Amino acid sequence: MHPQQDPIIGGLRLSSIIEYGTHYSLREGIGRTVRKLKSGGSVTIAFMGGSVTAGHGASDPEQTSYRARLIQYLTDSFKQTAFRFIHAAVGGTDSVYGAYRLQGHVFRTCVPDLLFVEFAASDNGRRQPSLRAMEGIVRHARTLNPHMDICFIYTAKQSGYPYFLKMGRPHVNVCNHEEVAEHYRLPSVDMATEIYRRMASGSLTWDMISGDGVHPNNAGHLLYAQLLKAFMSAALEAVPGPENAAAVLPSRIDSFCYDQGMLVSSLAAEKVKGFRYVTGWSPEKICDWKPPVDILQANAPGAVLRIHFTGTAVGMALMAGMDTGEIVVRIDGKLSKAVPLFDAQCRKCYRPKTVLFADDLPPGDHVAEVELSVLKREDSIGRALHILYFLINGQLRA
Numbered sequence: 322m323h324p325q326q327d328p329i330i331g332g333l334r335l336s337s338i339i340e341y342g343t344h345y346s347l348r349e350g351i352g353r354t355v356r357k358l359k360s361g362g363s364v365t366i367a368f369m370g371g372s373v374t375a376g377h378g379a380s381d382p383e384q385t386s387y388r389a390r391l392i393q394y395l396t397d398s399f400k401q402t403a404f405r406f407i408h409a410a411v412g413g414t415d416s417v418y419g420a421y422r423l424q425g426h427v428f429r430t431c432v433p434d435l436l437f438v439e440f441a442a443s444d445n446g447r448r449q450p451s452l453r454a455m456e457g458i459v460r461h462a463r464t465l466n467p468h469m470d471i472c473f474i475y476t477a478k479q480s481g482y483p484y485f486l487k488m489g490r491p492h493v494n495v496c497n498h499e500e501v502a503e504h505y506r507l508p509s510v511d512m513a514t515e516i517y518r519r520m521a522s523g524s525l526t527w528d529m530i531s532g533d534g535v536h537p538n539n540a541g542h543l544l545y546a547q548l549l550k551a552f553m554s555a556a557l558e559a560v561p562g563p564e565n566a567a568a569v570l571p572s573r574i575d576s577f578c579y580d581q582g583m584l585v586s587s588l589a590a591e592k593v594k595g596f597r598y599v600t601g602w603s604p605e606k607i608c609d610w611k612p613p614v615d616i617l618q619a620n621a622p623g624a625v626l627r628i629h630f631t632g633t634a635v636g637m638a639l640m641a642g643m644d645t646g647e648i649v650v651r652i653d654g655k656l657s658k659a660v661p662l663f664d665a666q667c668r669k670c671y672r673p674k675t676v677l678f679a680d681d682l683p684p685g686d687h688v689a690e691v692e693l694s695v696l697k698r699e700d701s702i703g704r705a706l707h708i709l710y711f712l713i714n715g716q717l718r719a
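Under the working numbering, think of the first position of the sequence shown as 322, with each following residue one higher.
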């Protein structure tokens, strides 16, 4: 049976649990994209998110994930449209990394007409970084393409259900993201709250849609796709705004939002001592990425590098794993702090991890110095640092 036509999957009859119109907010909609869809031209749609959007939990991410099912629905519904789809989901990553990789991962080869953004299940619950990241994504995207439509997607996680029962609200990440969506009048699809409502009514259990606490199984991905199709149906029926109208950005919610976020090659660092560039690095135990990868590597305490930049924030993306150590960071020779990098997941595998050294610096020129520390966690097997990129909210400076 075609994946879009499954009426029952995993014991779940979708038509019995979906109430159309209760799980999304259209706000200003996606009128620019709707015009293009109806005219039969070319449309580019990007999906940016974490592991759920990447398709984790689905038996075949390119066939049975919510992303694949929505793509199939669109191509079936608009046969005269020439679609291009951008898969910009990276498992195990949050909106902060999303804000810094937006230009490189989404706008690298083309300019999207519609951007779906999904990070509600992977953000850590802290308001400030979520706000700065999600607002940064919106402002940066709309700066690169003022005619672009943007829609936020909120997926569920099992740990958010008790909070919903107690407070009658979705988990905190949804609230943080919704603050940005409301300020910028962006449509949002709150699948998390819809699922919690169904669980509370007894018509749905978590085990029916997921095999763990976050990632939907085939039934869960199908449900997500159906909820997104309901949103798309409403968006298609809504009256679009003025033709060719560019989005007007309101004032910032947070003046330190990551609206100039960028990934900078690790080759851009000034290698003071102890670092070497390694091509084709490919450890045995991995998760949330596909080897090989090129890295800037140090294995001994005292290794030092510097990154020169103009902006308000700096950090790095690294491959964190079993031998990851700790670092000491100095900004402009004044701010010095220890930055622990090893966490519980490092015991099992190497995977991408991001860390910001500072994200509220005065606008201007800065130098960040990173030194590999003699300190390490007891359960780390080494004192190593494997750098993928530097993160800068601003511009690299020679």
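Quick reminder that beta carbons are idealized off the backbone N, C-alpha and C, glycines included. Note that the coordinates shown come from a computational prediction; the quantities given were computed from them, not determined experimentally.
With a threshold of 8 angstroms on Cβ separation, who are the neighbours of residue i within its own chain once the five nearest residues in sequence on each side are excluded?
{"i": "K606", "result": "G642, M643, K669, C670, Y671"}
{"i": "D575", "result": "Q449, L452, R453, E456"}
{"i": "A559", "result": "L347, G350, G352, V355"}
{"i": "K594", "result": "G623, A624, V625"}
{"i": "F404", "result": "S363, V364, T365, I366, I392, L395, T396"}
{"i": "S701", "result": "M643, D644, T645, G646, F663, C667"}
{"i": "G425", "result": "M583, L584"}
Under 7 angstroms Cβ to Cβ from residue i, same chain only, skipping five residues before and after it: list those, please.
{"i": "R388", "result": "F368, T374, G376"}
{"i": "W720", "result": "Limits of the chain in this structure are 322 at one end and 719 at the other, which puts residue 720 out of reach."}
{"i": "L570", "result": "R460, R463"}
{"i": "T631", "result": "G685, D686, G715, Q716, R718"}
{"i": "V688", "result": "R627, H629, D653"}
{"i": "V493", "result": "G446"}
{"i": "T600", "result": "D615"}
Once the 5 residues before and after residue i are set aside, which same chain residues still bring their CB inside 6 angstroms of it?
{"i": "S380", "result": "N539"}
{"i": "C578", "result": "R453, E456, G457"}
{"i": "A502", "result": "F473, S509"}
{"i": "E690", "result": "R627, R651"}
{"i": "L682", "result": "T633"}
{"i": "V614", "result": "W602"}
{"i": "R698", "result": "F663"}
{"i": "F596", "result": "L617, A619, A624, L626"}
{"i": "G582", "result": "A420, Y421, G457, N714"}
{"i": "Y345", "result": "V510, F552"}
{"i": "W527", "result": "Q479"}
{"i": "D444", "result": "D415, S416, S451, N494"}
{"i": "D657", "result": "Reading the sequence as shown, one finds Ser at residue 657 and not Asp. Excluding residues within five positions, the ones whose Cβ falls inside 6 angstroms are R651."}
{"i": "L557", "result": "V355"}
Name the DSSP beta bridge partners of residue i, please?
{"i": "T728", "result": "Missing from the structure shown is residue 728; the chain here goes from 322 to 719 and no further."}
{"i": "V688", "result": "H629"}
{"i": "I407", "result": "A367"}
{"i": "F473", "result": "V438, S509"}
{"i": "I708", "result": "L617, L639"}
{"i": "L717", "result": "F630"}
{"i": "E647", "result": "P661"}
{"i": "P537", "result": "S531"}
{"i": "S346", "result": "S509"}
{"i": "L693", "result": "I648"}
Could you check which residue in the options has the C-alpha nearest to that of residue i?
{"i": "D686", "options": "R704, G654, E500, V695", "result": "G654"}
{"i": "R447", "options": "H498, V459, A420", "result": "H498"}
{"i": "V355", "options": "I471, V438, T430", "result": "I471"}
{"i": "R506", "options": "L682, L435, I351, Y710", "result": "I351"}
{"i": "S587", "options": "Y598, S346, D580, P622", "result": "Y598"}
{"i": "K400", "options": "K357, D700, R422, Y418", "result": "K357"}
{"i": "H629", "options": "V585, V660, F596, D664", "result": "V585"}
{"i": "A442", "options": "G636, A513, A589", "result": "A513"}
{"i": "S522", "options": "L544, A659, Y482, A551", "result": "Y482"}
{"i": "T645", "options": "A679, K658, Q666, A705", "result": "A705"}
{"i": "K749", "options": "S554, H344, R429, V432", "result": "As shown, the chain starts at 322 and ends at 719. That puts residue 749 outside it, with no answer to give."}
{"i": "F406", "options": "S386, L436, A679", "result": "L436"}
{"i": "M640", "options": "P661, A659, C667", "result": "C667"}
{"i": "L423", "options": "V649, N466, C608, P604", "result": "N466"}
{"i": "G562", "options": "Y345, C608, D700, M469", "result": "M469"}
{"i": "N565", "options": "D434, P661, Q384", "result": "D434"}
{"i": "A590", "options": "T430, L544, Y710, K487", "result": "Y710"}
{"i": "S386", "options": "A659, S657, H536, T675", "result": "H536"}
{"i": "F440", "options": "T414, V427, F428", "result": "T414"}
{"i": "Y418", "options": "D580, V660, P382, P661", "result": "D580"}
{"i": "G361", "options": "E383, S398, T675, I648", "result": "S398"}
{"i": "G636", "options": "P661, P612, D680, G703", "result": "D680"}
Stretch-stretch touch, CB-based, cutoff 8 angstroms, three pairs: the region 355-372 with the region 397-411
Touching, yes.
Within 8 angstroms, do at least three Cβ pairs link the region 519-534 to the region 460-479?
Enough Cβ pairs lie closer than 8 angstroms, so yes.
Could you pull out every unbroken alpha helix (DSSP H) segment of at least 4 residues lying fully inside the region 351-401, listed in chain order?
Listed in chain order, they are 352-360, 372-375, 387-398.
Which whole runs of the alpha helix (DSSP H) in the region 479-531 are 4 residues long or more, in chain order?
Runs found: 482-488, 493-504, 512-522, 527-530.
Which runs of the beta strand (DSSP E) spanning at least 3 residues fall entirely within the region 547-624, listed in chain order?
Listed in chain order, the complete beta strand (DSSP E) runs (minimum 3 residues) inside the region 547-624 are 582-586, 591-594, 597-602, 614-619.
Check whether the region 691-705 touches the region 613-625, counting contact only when three or more Cβ pairs, one atom from each stretch, lie closer than 8 angstroms.
Verdict: yes, contact present.
If you pair each beta-carbon of the region 543-559 with each one of the region 390-398, do three or more pairs fall below 8 angstroms?
Under the Cβ criterion (8 angstroms, minimum of three pairs), the region 543-559 counts as touching the region 390-398.
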